[in-house]
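Quick note, the sequence shown lines up with residues 2 to 296 if you use the numbering used here.
Beta carbons are placed, not taken as given, at the ideal position from N, Cα and C, and that holds for glycine.
The structure appears below as structure tokens.
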Amino acid sequence: MFQKHLQKAADSIEKRTLYVVATPIGNLADITLRALAVLQKADIICAEDTRVTAQLLSAYGIQGKLVSVREHNEQQMADKIINHLSDDLTVAQVSDAGTPAVCDPGAKLARRVREAGFKVVPVVGASAVMGALSVAGVTEPNFYFNGFLPPKSGERQKLLAKWAQADFPVVMFETPHRIEATLADMAALFPERSLTLAREITKTFETFLSGTVTEIQTTLKNDGNQVRGEMVLILHPAPREKHDTLPDAAQNVMKILAAELPTKQAAELAAKITGEGKKALYDLALEWKRVSDDV
Numbered sequence: 002m003f004q005k006h007l008q009k010a011a012d013s014i015e016k017r018t019l020y021v022v023a024t025p026i027g028n029l030a031d032i033t034l035r036a037l038a039v040l041q042k043a044d045i046i047c048a049e050d051t052r053v054t055a056q057l058l059s060a061y062g063i064q065g066k067l068v069s070v071r072e073h074n075e076q077q078m079a080d081k082i083i084n085h086l087s088d089d090l091t092v093a094q095v096s097d098a099g100t101p102a103v104c105d106p107g108a109k110l111a112r113r114v115r116e117a118g119f120k121v122v123p124v125v126g127a128s129a130v131m132g133a134l135s136v137a138g139v140t141e142p143n144f145y146f147n148g149f150l151p152p153k154s155g156e157r158q159k160l161l162a163k164w165a166q167a168d169f170p171v172v173m174f175e176t177p178h179r180i181e182a183t184l185a186d187m188a189a190l191f192p193e194r195s196l197t198l199a200r201e202i203t204k205t206f207e208t209f210l211s212g213t214v215t216e217i218q219t220t221l222k223n224d225g226n227q228v229r230g231e232m233v234l235i236l237h238p239a240p241r242e243k244h245d246t247l248p249d250a251a252q253n254v255m256k257i258l259a260a261e262l263p264t265k266q267a268a269e270l271a272a273k274i275t276g277e278g279k280k281a282l283y284d285l286a287l288e289w290k291r292v293s294d295d296v
């Protein structure tokens, strides 16, 4: 059965096509049959680091022609890859771990190849983002993926401040040597905000920490092992303001204005009239609308 599916995947591979192949982010078993088929059949394999990719290929007994396509040479290598595709070859693009072009090289190559008229096909696989989200207890239907946070504290603080009242989860990457500074910046802005820290996903020392920013900050201070390895942070939504604390008079003003004006404008005007919080009034109007739509 295994060989049957592998052969079926191999039979579907096309010439003159660039396959963007997701590779394991830690555990080598987290690779798809389709990814193995593409890597086995590709005439050229573009790798972020050929040494890392060579280890992956060796683990599965695959011998492929590796070429180095990294951030600094991606543009110039694109011309060579396009020439290979013109010669009816099949090309695979991989990064060291995960999916190329997502916080890794690959986007420029994919764009150039598509502009040249060739197919660019994704071969999906392991994802640190989706892996972390799947165990974090996130119930919101949408999230924001930021990638790596800015290395400079000032820029990082400005970005974090934008999420102080976010009603959606924010997913970000952080490095071991900056995690303590990042948590300190978060603690200065929202110490009681819920946070999930996923570390070394799929690897031997895989760890998931959940709690307030302050609690996770304390855990890392008390255990030096928790600051090692690759990390995904999920900043959970800010607690919603309780609308039932709004005085009846403020709710009545908002109800009248919301019936005549756009919700945002009504909330701004109601806040000026009543002295209540604009966001609480705005959220209240949205709640009324949701209830009305459900009826």
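Check, Outcome
"Host beta strand (DSSP E) of T275 (start-end)", "No beta strand (DSSP E) holds T275; the alpha helix (DSSP H) holding it covers T264 to T275."
"Contacts around V214, its chain only, beta-carbon distance under 6 Å, and the 5 residues preceding and following it disregarded", "M187, A188, P192, R194 and L196"
"C-alpha gap between Q8 and A79, whole angstroms", "30 Å"
"Three-state secondary structure assigned by DSSP to A199", "strand"
"Residues that DSSP places opposite C47 in a beta bridge", "V68 and Q94"
"Every unbroken alpha helix (DSSP H) inside the segment 205-240 [4 residues or more]", "214-223"
"Per-residue DSSP class, three states only, for T176", "coil"
"Cβ neighbours of H85 in the same chain (closer than 8 Å, five flanking residues each side left out)", "D44, I45 and V92"
"Q227 versus V130: straight-line alpha-carbon distance, rounded", "19 Å"
"Helix, strand or coil at V296 according to DSSP, with G and I counted as helix", "Since pLDDT at V296 reaches only 44, below the 50 mark, its modelled position is unreliable, and the value read off the structure follows with that caveat. Reduced to three states, the DSSP call for V296 is coil."
"Bridge partners - L19, DSSP secondary structure assignment", "V92 and V121"
"Bridge-paired residues (DSSP) for Y145", "V171"
"Beta-ladder partner(s) of T24, from DSSP", "G99"
"Endpoints, the alpha helix (DSSP H) within which Q8 is located", "F3 to D12"
"Contacting residues, own chain, Cβ-Cβ under 7 Å from G65 (five flanking each side not counted)", "L40, A43, I46 and L58"
"Contact set for L34: own chain, Cβ-Cβ below 7 Å, skip 5 residues either direction", "H6, L7 and A10"
"A251 beta carbon less than 8 Å from that of A271", "yes"
"Buried or exposed by the 16-neighbour rule on C-beta atoms within 10 Å, applied to T24", "buried"
"As assigned by DSSP and simplified to three states, the class of Y283", "helix"
"Range of the contiguous alpha helix (DSSP H) that encloses V114", "A108 to E116"
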